[in-house]
Amino acid sequence: MLQRRRHLLPVLEPLGQPAFRRLMLAIFCFTAAVQMQTMGQGWLVFHITGSNVALGVVTSMWSVALFLFSPVAGVVADRLDRRLVLKLTWGGSGMVFAVISLLILLGRVEVWHLAVAAALNGVFFSFNLPARFALISQMVSEGSLVGAIALNSLAFNLNGILFPLLGGGLIDLVGPAGVYVLVSVLYLIAVAVVGLVPAQEGARARRRRTLVADMVAGVRVVRAHPVLIWLMALGLAAVVLGQSYTVLLPDLAAGTLHVPASGLGLLMAMLGLGGLVGNLAVANLGPRAPMGRLMLLLGGASGVALLALAGTWSIYPALVVLFVLGFTGMPLFTINQTLVQRIAPPEVRGRVLSLYMLTWGAMPLGLMVAATLADSVGLFLPLVLGGAAMVIVMLLVARSCPALLRLTERG
1 MLQRRRHLLP VLEPLGQPAF RRLMLAIFCF TAAVQMQTMG QGWLVFHITG SNVALGVVTS
61 MWSVALFLFS PVAGVVADRL DRRLVLKLTW GGSGMVFAVI SLLILLGRVE VWHLAVAAAL
121 NGVFFSFNLP ARFALISQMV SEGSLVGAIA LNSLAFNLNG ILFPLLGGGL IDLVGPAGVY
181 VLVSVLYLIA VAVVGLVPAQ EGARARRRRT LVADMVAGVR VVRAHPVLIW LMALGLAAVV
241 LGQSYTVLLP DLAAGTLHVP ASGLGLLMAM LGLGGLVGNL AVANLGPRAP MGRLMLLLGG
301 ASGVALLALA GTWSIYPALV VLFVLGFTGM PLFTINQTLV QRIAPPEVRG RVLSLYMLTW
361 GAMPLGLMVA ATLADSVGLF LPLVLGGAAM VIVMLLVARS CPALLRLTER G
């Protein structure tokens, strides 16, 4: 029966390996924690301050830490046991959020506590992301790589439906402390489950070179493949222009749509549902599908959806638009990450992924502009500017790099 399902849904094929199933269970717990913490942090900061800028600053702390530590993190992912990296980073995040939950219970939590927690979580995330994706690629065949990466994205999107809803309900019932307690528990479960994943054989960087030499080697690989540069530039544009609206969702929920925390959870759940459907569709395309062209089309459609969100003033149209944003935005990143991993040689994949992560470190550029404009003139202008810029960038990239349009799942 499982074999038939894998035939019908190629994305499920990697689950035929018991070790990979364990890893995916750990990733499921991790992504559940991320989704719930994101929702809880946004609600809590906006509830305390009523300021989009304050929420932008807290969120930016995560991105700045990611930017600073990503180059070193990639070298670590290529040198150390990737399971150990995951256990240490997930355990560290669990401890950080346990402290935050205690501060909330004591009534002592302040915005600067949340900013420090975001920065520490960004440090941990910078190390776990290249280790996680490199371990995924180490455990599956090249032919199953797109399905394996899509499963990671599907876990993120599925939890993006379930856990923002659960988080919003918990806040309405028992307060934000309940969210952070559950986040800590999920991280600890992820640590326990990844400990059950057996050691993997695979390419590993030689330790005879210095840390700087290993980092330079990753840069040389990217420079040797111009398409990698374009993929990273496209990822940068999608992060800075196409994801800045996420910092505005608490204000959209409370200030424009006038819904409680559970309403914010519902908005984020629709975003996750759209991403889930979109990633399922992309994961089941054939190996000859024009992934590069599709990525640009998704980016343009995401920009149009942002323009539509700017004109939304009630909950039901907002839910539809957020579904479309998830359907277009999440698969864009799945395709982008898959193509980067396809092109990068296995022995330097961690370092290339860490350079790719620098694009996420640039997120504050979009977040702070969007938050400042929203506090000054309202939500309409930052949403319109972000959407229009996304459409323009996708058109420019399509014109400037024809080779990108010809990329398939095989790279």
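Each residue of the sequence shown is one higher than the one before, starting from 1 at the first, in my numbering. Cβ atoms here follow ideal geometry from the backbone N, Cα and C, with glycine treated the same way.
Nonlocal neighbours in the same chain, by C-beta distance under 6 Å from residue i, ignoring five residues either side
{"i": "MET403", "result": "The sequence given here places Ala at residue 403; Met does not occur at that position. VAL227."}
{"i": "THR197", "result": "A small correction: the amino acid at residue 197 is Val; Thr does not occupy that position in the sequence shown. So the qualifying residues of the chain are ALA19, ARG22, LEU23, ARG83."}
{"i": "VAL393", "result": "ALA237"}
{"i": "HIS225", "result": "ILE343"}
{"i": "ALA398", "result": "LEU296"}
{"i": "SER126", "result": "LEU66, PHE69, SER70, ALA73"}
{"i": "GLY169", "result": "SER262"}
{"i": "ALA203", "result": "Bear in mind that a pLDDT of 47 at ALA203, under 50, signals an unreliable position, so the number given afterwards is only what the model happens to contain. Result list for ALA203: PRO346, GLU347, in chain order."}
{"i": "GLN37", "result": "VAL183"}
{"i": "ALA98", "result": "SER184"}
Spatial distance of residue i from residue j (CA atoms)
{"i": "ALA117", "j": "MET268", "result": "22 Å"}
{"i": "VAL181", "j": "TYR245", "result": "27 Å"}
{"i": "ILE27", "j": "VAL183", "result": "13 Å"}
{"i": "LEU106", "j": "ALA177", "result": "10 Å"}
{"i": "THR59", "j": "ALA73", "result": "20 Å"}
{"i": "GLY326", "j": "LEU248", "result": "15 Å"}
{"i": "SER93", "j": "MET291", "result": "34 Å"}
{"i": "LEU66", "j": "TRP90", "result": "15 Å"}
{"i": "MET139", "j": "LEU25", "result": "15 Å"}
{"i": "LEU158", "j": "MET270", "result": "10 Å"}
{"i": "ALA32", "j": "PHE156", "result": "7 Å"}
{"i": "GLY311", "j": "LEU322", "result": "13 Å"}
{"i": "LEU162", "j": "MET232", "result": "30 Å"}
{"i": "LEU266", "j": "ALA371", "result": "22 Å"}
{"i": "LEU174", "j": "ILE335", "result": "The question names Leu, but residue 174 in the sequence shown is Val. If you take the alpha carbons of VAL174 and ILE335, they lie about 39 Å apart."}
{"i": "GLY167", "j": "ALA254", "result": "16 Å"}
{"i": "ALA301", "j": "LEU339", "result": "20 Å"}
{"i": "LEU165", "j": "GLN35", "result": "10 Å"}
{"i": "LEU276", "j": "LEU154", "result": "6 Å"}
{"i": "LYS87", "j": "ILE171", "result": "28 Å"}
{"i": "PHE380", "j": "VAL194", "result": "44 Å"}
{"i": "ILE149", "j": "LEU234", "result": "19 Å"}
{"i": "ALA192", "j": "GLY329", "result": "32 Å"}
Residue environment, residue i, which counts as buried when at least 16 other CB atoms sit within 10 Å
{"i": "ARG206", "result": "With a pLDDT of 49 at ARG206, under the threshold of 50, the predicted position of this residue should be treated as unreliable, though the coordinate-derived value follows. Classification for ARG206: exposed."}
{"i": "VAL219", "result": "exposed"}
{"i": "VAL240", "result": "buried"}
{"i": "GLY16", "result": "exposed"}
{"i": "TYR316", "result": "exposed"}
{"i": "TRP62", "result": "buried"}
{"i": "LEU252", "result": "buried"}
{"i": "VAL377", "result": "exposed"}
{"i": "GLY278", "result": "buried"}
{"i": "LEU319", "result": "buried"}
{"i": "LEU396", "result": "exposed"}
{"i": "TRP360", "result": "buried"}
Beta-carbon proximity list for residue i, same chain, < 8 Å, skipping 5 on both sides
{"i": "ILE100", "result": "VAL109, HIS113, LEU114, ALA117, TYR180"}
{"i": "VAL348", "result": "ASP78, ALA205, ALA217, GLY218, VAL221"}
{"i": "ALA134", "result": "ALA77, ASP78, ARG82, ARG349, GLY350, LEU353"}
{"i": "GLY386", "result": "LEU241, GLY242, SER244, TYR245, GLY303, LEU306, GLY366, ALA370"}
{"i": "ARG223", "result": "ILE229"}
Nonlocal neighbours in the same chain, by C-beta distance under 7 Å from residue i, ignoring five residues either side
{"i": "PRO250", "result": "GLY42, TRP43, PHE46, LEU55, LEU264"}
{"i": "VAL324", "result": "GLY274, ALA305"}
{"i": "LEU103", "result": "VAL109, HIS113"}
{"i": "VAL96", "result": "ALA117, LEU120, ASN121"}
{"i": "LEU186", "result": "CYS29, ALA32, ALA33"}
{"i": "ALA152", "result": "The residue asked about is misnamed: residue 152 is Asn in this sequence, not Ala. Closer than 7 Å at the Cβ level, and outside the excluded window around ASN152, lie ILE27, ILE136."}
{"i": "ARG406", "result": "GLY292"}
{"i": "CYS401", "result": "TRP230"}
{"i": "ASN52", "result": "VAL247, LEU248, ASP251, ALA371, ALA374, ASP375"}
{"i": "VAL259", "result": "ALA253, ILE315"}
{"i": "VAL85", "result": "VAL76, ALA77, PHE127, ASN128, ALA131"}
{"i": "VAL384", "result": "LEU307, ALA310"}
{"i": "VAL111", "result": "VAL45, ILE48, THR49, ALA54, VAL58"}
{"i": "PHE124", "result": "THR89, GLY92, SER93"}
Local conformation of residue i per DSSP, three classes
{"i": "ALA289", "result": "coil"}
{"i": "THR256", "result": "helix"}
{"i": "LEU367", "result": "helix"}
{"i": "HIS47", "result": "helix"}
{"i": "HIS113", "result": "helix"}
{"i": "LEU2", "result": "Its pLDDT being 41, under 50, LEU2 is placed unreliably by the model, and the measurement read from it follows with that caveat. Correct three-state label for LEU2: helix."}
{"i": "PRO345", "result": "coil"}
{"i": "GLN337", "result": "helix"}
{"i": "ARG406", "result": "coil"}
{"i": "TRP313", "result": "coil"}
{"i": "GLN138", "result": "helix"}
{"i": "GLY378", "result": "coil"}
{"i": "ASN279", "result": "helix"}
**Item:** In chain order, each alpha helix (DSSP H) run of at least 4 residues that lies wholly inside the region 154 to 208
**Value:** As far as the region 154 to 208 is concerned, its whole alpha helix (DSSP H) runs of at least 4 residues are 176 to 194.
**Request:** Kindly provide the ranges of any alpha helix (DSSP H) runs that are 4 or more residues long and lie completely inside the region 25 to 109, ordered along the chain.
**Result:** Counting whole runs of 4 or more residues, the region 25 to 109 contains the alpha helix (DSSP H) stretches 52 to 79, 82 to 106.
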